[in-house]
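Quick note, in our numbering, the sequence shown goes up one by one and the last residue is 139.
For each residue, glycine too, the CB sits at the ideal point set by N, CA and C.
Keep in mind it's a predicted model, so treat the numbers as computed, not measured.
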Amino acid sequence: MSLLFRGLFRHQDLGLFIYRIVIGLAIFMHGLAKLQSSNDVIASVGSAVSLLGIHSWYYEFGIVAALCEIIGGILVGIGLFSRLGSFMVCIVLAMAIWVQYGTGFLHWIYPVEVGVGFLMIFIGGPGRYSIDYMITGRR
């Protein structure tokens, strides 16, 4: 049993580094796919703001959502302004959860899973292997 717990926290920054790269790349690709879609798809993504009482500018809001995923994914992936990038992505994913919640478990579970990952980075920080750490000296 001690084999499982010996040096348990010795490599947590390396694990966080790998996780940051993977989740940042995944959401970057997700946003890029949105941006490369047709105008109708982008407007459909942006129509989520109708839940907030906004009933115009859907295409523009779709572009903003895609750019938040692209920029947020890059920032988290390289570890620069990681909390800002995480926050941007969390806002987009919160809207996705809100829109998809009533459509069944398989529609809203993906944004929940990814959103919790970005929330973890927002709360816990990017770790030692990041540009944020090199700049500030804090994890």
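ask   = Are lysine 34 and glycine 15 closer than 9 Å when you measure CB to CB?
value = no
request  = Output the distance between the C-alpha atoms of leucine 80 and cysteine 68, rounded to the nearest integer angstrom.
outcome  = 15 Å
request  = Please specify which runs of the alpha helix (DSSP H), each continuous and at least 4 residues long, are wholly inside the segment 64–125, giving them in chain order.
outcome  = 82–100, 105–124
message = Measuring only the C-alpha atoms, how far is serine 86 from asparagine 39?
response = 26 Å
inquiry  = Using only the alpha-carbon positions, how far apart do serine 50 and serine 56 sit?
reply    = 8 Å
Cutoff 8 Å; reference alanine 48; Cβ partners in own chain excluding five residues on either side = Phe61, Ala65, Met95, Ala96, Trp98, Val99
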